[in-house]
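Colleague:
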Amino acid sequence: MTKPDPYHIERRDFFAGLAGGATFALGAAMLGAETAQANWGLIAPGPVPGEGFDGRSLVNRPRAYEVMEQEGVDGIVALNPVNVFYLGNYFSYEVQKLRAIPSFAVMPRDPDKPSFLVVASTDLWFIANAEREYPEIIPYSAPVSWEKYRDPETWNQQPESRGGIRRPIREESLTDIERGWVEMERRFESRKAATPEWALVRALEEAGLAKVRVAVDDMSIAHILSSLGQDGITCVPGDNTFRKIRMIKSDVELVHMRAAARANQDACMAMLRQVEAGMTKADTDQLFLEEAAKRGAKAIWIAMGTIGGFADGEVVPGRPMMVDAVCQINYYHGDFGRTWCLGE
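Whatever position you read off the sequence shown (first residue = 1), add 13 for the numbering used here.
1. Using only CA atoms, which one of 287, 322, 294, 324 lies nearest to residue 356?
2. Within 10 Å of its beta-carbon, does residue 325 have 16 or more other beta-carbons around it, so buried, or fewer, so exposed?
3. Within the same chain, show all residues whose beta-carbon is closer than 6 Å to that of residue 343, passing over the 5 residues directly before and after it, in chain order.
4. So for residue 62, helix, strand or coil by DSSP?
5. Output the residue ranges of the beta strand (DSSP E) runs that lie fully inside the segment 256-344 and measure 3 residues or longer, sorted by chain position.
6. Where do the N-terminal and C-terminal ends of the alpha helix (DSSP H) with residue 129 fall, by residue?
7. Among 117, 114, 149, which residue has its Cα nearest to the Cα of residue 126?
8. Is the Cβ-Cβ distance between residue 245 and residue 229 less than 7 Å?
9. Answer with buried or exposed for residue 182, where buried requires no fewer than 16 other C-beta atoms within 10 angstroms of its C-beta.
10. Put residue 119 into one of helix, strand or coil per three-state DSSP.
11. Tell me whether residue 314 is buried or exposed, calling it buried when 16 or more other Cβ atoms sit within 10 Å of its Cβ.
12. Within the chosen definition, does the segment 81-99 reach the segment 158-168 through at least 3 CB pairs nearer than 8 Å?
13. Which residue wins for smallest C-alpha separation from residue 98, given the options 122, 68, 76?
14. Drop a sphere of 10 angstroms on the beta-carbon of residue 46, count the other beta-carbons inside from all chains shown, and report buried for 16 or more, exposed for fewer.
15. Are the CB atoms of residue 310 and residue 301 nearer to each other than 7 Å?
16. From which residue to which residue does the beta strand (DSSP E) around residue 91 run?
17. Under 7 Å between C-beta atoms, does residue 282 make it to chain B?
18. Rounded to whole angstroms, what's the CA-CA distance from residue 273 to residue 308? Just pull it up for me.
19. Drop a sphere of 10 angstroms on the beta-carbon of residue 224, count the other beta-carbons inside from all chains shown, and report buried for 16 or more, exposed for fewer.
20. CA-CA distance, residue 8 and residue 207?
21. Taking 8 Å as the cut-off, does the segment 247-264 touch the segment 107-117 (at least 3 CB pairs, one atom from each stretch)?
22. Only counting runs of 4 or more residues, tell me where the alpha helix (DSSP H) segments fall wholly within the segment 197-238, in order along the chain.
23. Counting only the same chain and skipping the five closest in sequence on each side, list residues whose C-beta sits under 6 Å from that of residue 284.
24. Do residue 107 and residue 115 have their beta-carbon atoms positioned less than 7 Å apart in this structure?
25. Taking the alpha-carbon positions, what's the residue 340 to residue 261 distance?
26. Can residue 258 and residue 80 be called in contact, C-beta distance under 7 Å?
27. Can you tell me whether residue 348 is helix, strand or coil according to DSSP?
28. Buried or exposed for residue 61, going by 16 or more other Cβ atoms inside 10 Å?
As structure tokens, then:
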């Protein structure tokens, strides 16, 4: 029997990690046989926030501390991008490229300890724009000698990481925004981890969670830590822990939810006012996309006629039909539905 070629598998995972970002991750191989417990879905970024955007932290901290106390855990760790966003106020650039392990977020129960957001080096420029409030940042880049790190037997040995900017910079020609990017790169030049997994280990250590009990939203985190030789941390299933925390919304979240609901409702009604006989689903979809964009929202979903579209393939006067529309602003969604009819 021909033995499987482990290099082929690791090479695939390596280039999956490199895609578009020049960074390395253990990726799907590190997830091992553990099944992801969280439903990630696809992340679709909307417009860049405009003036008046409330970029404060989303976390309901009193609620989070209360739930952690009730469940007897010393901290919570997120891999699911929705929960990472909740704790870190940021959707990683690597999430949008569907990377297997794009980012983590860590929050300790001790209010005197900082929370952490693990992101790729490619995220630092977005974070430098300071549009939001972020936790402490721990970035990752790539191993200096990645080919030595493709053997699972070496995964518990922390590799040397690549540094920051590797090209000459003409300081006098930089704009203020570019200076912010360069300063962010220099700040973390010698502090980058080699992989997101090792960045997580550092975040746990700096949060005082190196030898404690933590709730994780995906039990793959336990497998990752074990693979890296981090056996002092006890991981317990915490998907519902995050749900218990997030079900009580913070004031900042309510602002985003109301904005999304208003924009979605107004976009849907504006679309309906333009509907004409003979229009197809593609026509009404386009109208909704445009009306959502006018309101600074991103259209996510719209059902017209029935859940499967128009029964006649187009808008027919006098036929009662449904509309169900969803938009998002800052990844918070508005949902609006009505029964409607063109004419009598």
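Backbone N, C-alpha and C fix where the C-beta goes; we use that ideal spot for every residue, glycine too.
Modeller: Working from what's here:
1. 287
2. exposed
3. Taken in chain order, the residues that qualify are 269.
4. coil
5. 311-318, 334-342
6. The continuous stretches of alpha helix (DSSP H) do not include residue 129, which lies in the beta strand (DSSP E) extending over residues 129-133.
7. 149
8. no
9. exposed
10. strand
11. exposed
12. no
13. 68
14. For residue 46, the pLDDT reaches just 44, beneath the cut-off of 50, and the residue's location in the model is therefore unreliable, although a value from the coordinates is still provided. Here residue 46 is exposed: its Cβ has fewer than 16 other Cβ atoms, across all protein chains shown, within 10 Å.
15. No.
16. 88-91
17. Absent here is chain B; the protein component of the structure consists of one chain.
18. 9 Å
19. exposed
20. Any property of residue 8 remains undetermined from this structure, which presents the chain solely from 14 to 357.
21. no
22. 209-219
23. 300, 301, 304
24. In this structure, residue 107 lies closer than 7 Å to residue 115 by Cβ.
25. Cα-Cα distance, rounded: 22 Å.
26. yes
27. strand
28. exposed
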